[in-house]
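Chemist: Please read through the structure below; I'll follow up with questions.
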Amino acid sequence: MTNSAGGEAAPPTRARERGWLLRHPLMVAVAGALVAGLLGGLFALFQGSSGDVVLLPVDTTQANAFVPGNADLRNPGPNVVPAMPEVPAVDDQRATGTLPGMYGRSVDGVTCDVEKIIGYLVDPAHMAQARAWAEVAGIAPADIRSFLASLTPVRLRFDTRVTNYDYKDGKADGFEAVLQAGTSVLVDDRGVPRAKCNCGNPLTEAGDTESSGDVADFARNPDDAWERFEPGEVVTVAPGERTKELVLLDLDDGEVFRRPVGTVGTEDEPVTRGNPVCAVLGQSTSCGGPGPKVTPEDVAALERAVRGLVSAVRDEDCDALVSYMSSGTLERFGAGHQELVSMCREAFTQLESFGGLTVDDVRVVSQTGARAAISVTATVNGQTSTAENELVRENGNWKLDV
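Numbered per the numbering used here, the sequence shown spans residues 3 to 404.
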């Protein structure tokens, strides 16, 4: 490649890449917004007697958790919409835990820091918690390590009813709860949830399998209900036959994987056409099917993500913008957090000197499976331009992929 003087052109540099970014009306705001991850975990305190159902959104950690700190490595956030929600078919709100596709996996397979939970409970300083935890699980405290190591981390694909146990006054305090789809749990070799990853709380089967009625009558904390929550669609899990592997659906594209029981996701194997599980999961591209359908819920989730992205740009909210960036985008920019904060502020400052940025129109051009395209029209300094950008489903959420 030659320059205007006839010599060899210099290779692109980071400075030149930033110059391009500052000329792109949407990317001006986006580039500097790749700043820092969202603060993890909203904390809620739930008190009361058993019999009432407590709603636990995917990003909520109880105040009386057995294990402090969050062991959910890739929490998808409250707007999560798992791919292919119509499979497998669930009858009468009760499903067998070993049913192929009953549970999901995150984009990189790993969903839970099991060793963090084990390390806390086997620490001699936490013997009181260990005794209470083991009592719920029906094991001896000395068996906690081997028991937890035998469990398998997965993500819920359905809003799921369980009995959850907080740690209060030296004892396990059980209550009926509904965990939002996307929540990371540990299940046993019969597919039954036995622990909640982001708090280490032990879980047992739901005491009541009927979930129906109005949210206000059903839940102790109806104000915490997530969008799309319906009591009549809550699932309870019945134990299946003991199995050596679980068949999981990717949360984003619906591809099928086999996960050996007791492994954390690093040994997952993809399922291919002809596998017997394709009789249940034939819609997946793994089985030769068309992949996820574009459901009304997914359309709404995409529109919500687009509105959030536009609002963040208009509000010059760098911290909010980061939640709409794909992991691939973050890797491609390859800058540290503080540098990206500076880039964001610099970008908005430069825009202000030109009269600011006006987002005139944003529309969804296409949506297929785990990818979508949006068209963005924006005006800077009286000049209007339109650019098309891609979004990808990542960990159950739509992210801007630049």
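All C-beta atoms, glycine included, are put in the ideal place defined by N, C-alpha and C.
#1: Can the beta-carbon of P143 be found closer than 8 Å to that of A136?
#2: Just how far apart, CA to CA, sit E88 and T238?
#3: Does the Cβ of N81 have 16 or more other Cβ atoms within 10 Å, making it buried, or fewer, making it exposed?
#4: Looking at the structure shown, is V83 part of a helix, part of a strand, or coil, going by DSSP?
#5: CB-CB under 7 Å to G398, same chain, minus the five flanking residues each way: which ones, in chain order?
#6: Could you round the C-beta distance between D270 and G111 to whole angstroms and report it? I think they count as a contact, below 8 Å.
#7: Rounded to the nearest angstrom, what separates F335 and D61 at their Cα positions?
#8: In whole angstroms, what is the alpha-carbon distance linking G215 and F231?
#9: Can you name the start and end residues of the alpha helix (DSSP H) that P195 belongs to?
#10: On the three-pair Cβ rule with 8 Å, is the segment 293-306 touching the segment 273-280?
#11: Please classify A289: does DSSP put it in a helix, a strand, or coil?
#12: So, with DSSP's three-state summary, where would you put C114?
#13: If we ignore side chains and look at the alpha-carbon of each, how far apart do V361 and E396 end up?
#14: Distance, Cα to Cα, C289 vs D175?
#15: Under a Cβ-count criterion, where at least 16 other Cβ atoms within 10 Å of its own Cβ denotes burial, should K401 be classed as buried or exposed?
#16: What residue does the beta strand (DSSP E) around D168 start on, and which one ends it?
#17: At what residues does the beta strand (DSSP E) containing L250 begin and finish?
#18: Using the three-state DSSP reduction, which class does E271 fall into: helix, strand or coil?
#19: Under a Cβ-count criterion, where at least 16 other Cβ atoms within 10 Å of its own Cβ denotes burial, should S328 be classed as buried or exposed?
#20: Got a sec, what are the start and stop residues for the alpha helix (DSSP H) S313 sits in?
#21: Measuring CB to CB, does C201 end up less than 8 Å from P155?
#22: Looking at P59: is its Cβ nearer than 8 Å to the Cβ of Q182?
#23: Just the Cα atoms here: how many angstroms apart are E257 and I146?
#24: Apply the 10 Å Cβ neighbour rule to S213 and answer buried if 16 or more other Cβ atoms are within range, or exposed otherwise.
#25: Where does I120 fall in DSSP's three states?
#26: Is Q352 helix, strand or coil when you go by DSSP?
#27: Nearest to G264 by CA position, among L248, R373, T206 and S108, is which residue?
Modeler: In terms of the structure at hand:
#1: Here residue 143 corresponds to residue number 141 of the sequence shown, with the count starting at 1. Here residue 136 corresponds to residue number 134 of the sequence shown, with the count starting at 1. Closer than 8 Å, so yes.
#2: Here residue 88 corresponds to residue number 86 of the sequence shown, with the count starting at 1. Here residue 238 corresponds to residue number 236 of the sequence shown, with the count starting at 1. Rounded to whole angstroms, E88 to T238 spans 16 Å at the Cα level.
#3: Locating residue 81 in the sequence shown gives position 79, counting from the first residue. It is buried - the Cβ of N81 has at least 16 other Cβ atoms within 10 Å.
#4: As a working mapping, residue 83 is identified with position 81 in the sequence shown. Under the three-state reduction of DSSP output, V83 falls in the coil class, being neither helix nor strand.
#5: As a working note, residue 398 is residue 396 in the sequence shown. Excluding positions up to five away in sequence, the list reads P78, V82, V83, P84, G184, L253 and D254.
#6: One-based indexing of the sequence shown puts residue 270 at position 268. One-based indexing of the sequence shown puts residue 111 at position 109. Your pair D270 and G111 checks out as a contact, with CB atoms roughly 5 Å apart and the cut at 8 Å.
#7: Your numbering for residue 335 matches position 333 in the sequence shown. Your numbering for residue 61 matches position 59 in the sequence shown. Approximately 27 Å, taken between the alpha carbons.
#8: Your numbering for residue 215 matches position 213 in the sequence shown. Your numbering for residue 231 matches position 229 in the sequence shown. Approximately 12 Å between the Cα atoms of the pair.
#9: Against the sequence shown, residue 195 aligns to sequence position 193. Following the DSSP letters along the chain, one finds P195 in no alpha helix (DSSP H) but inside the beta strand (DSSP E) bounded by residues P195 to K198.
#10: As far as the Cβ criterion goes, the segment 293-306 does not touch the segment 273-280, which means the pair count is below three.
#11: For the purposes of this step, residue 289 is taken as the residue at position 287 of the sequence shown. The amino acid at residue 289 is misidentified as Ala; the sequence shows Cys. Helix, per DSSP.
#12: Within the sequence shown, residue 114 is the residue found at index 112, counting from 1. In this structure, DSSP gives C114 an extended state, which the three-state scheme calls strand.
#13: For the purposes of this step, residue 361 is identified with residue 359 of the sequence shown, where counting begins at 1. For the purposes of this step, residue 396 is identified with residue 394 of the sequence shown, where counting begins at 1. Taking C-alpha positions only, V361 is separated from E396 by approximately 25 Å.
#14: Within the sequence shown, numbered from 1, the residue matching residue 289 stands at position 287. Within the sequence shown, numbered from 1, the residue matching residue 175 stands at position 173. So the alpha carbons of these two residues sit roughly 44 Å apart.
#15: Here residue 401 refers to the residue found at position 399 of the sequence shown. Label assigned to K401: buried.
#16: For this step, residue 168 is matched to residue 166 along the sequence shown. Note, D168: beta strand (DSSP E), T162 to K170.
#17: As a position in the sequence shown, residue 250 is number 248, starting the count at 1. DSSP places L250 in the uninterrupted beta strand (DSSP E) bounded by E247 to D252.
#18: As a first step, residue 271 must be located in the sequence shown, where it is residue number 269. Reduced to three states, the DSSP call for E271 is strand.
#19: For the purposes of this step, residue 328 is identified with residue 326 of the sequence shown, where counting begins at 1. Looking at its Cβ environment, which holds 16 or more other Cβ atoms inside 10 Å, S328 is buried.
#20: Along the sequence shown, read from residue 1 onward, the residue named residue 313 stands at position 311. S313 -> alpha helix (DSSP H) spans P298 to R316.
#21: The count along the sequence shown starts at 1 and reaches residue 201 at position 199. The count along the sequence shown starts at 1 and reaches residue 155 at position 153. No.
#22: Taking the sequence shown and counting its residues from 1, the one referred to as residue 59 is at position 57. Taking the sequence shown and counting its residues from 1, the one referred to as residue 182 is at position 180. Taking 8 Å as the cut-off, the Cβ atoms of P59 and Q182 count as close.
#23: Taking the first residue of the sequence shown as 1, we reach residue 257 at position 255. Taking the first residue of the sequence shown as 1, we reach residue 146 at position 144. When rounded, the distance between both Cα atoms is 33 Å.
#24: Residue numbering aside, residue 213 sits at position 211 when the sequence shown is read from its first letter. S213 is classed as buried because its beta carbon has at least 16 other beta carbons within 10 Å across all chains shown.
#25: Locating residue 120 in the sequence shown gives position 118, counting from the first residue. Three-state result, I120: helix.
#26: As a first step, residue 352 is located in the sequence shown; it is residue number 350 there, counting from the start. Under the three-state reduction of DSSP output, Q352 falls in the helix class.
#27: The residue you call residue 264 lines up with position 262 of the sequence shown. Minimum Cα distance to G264 is reached at L248.
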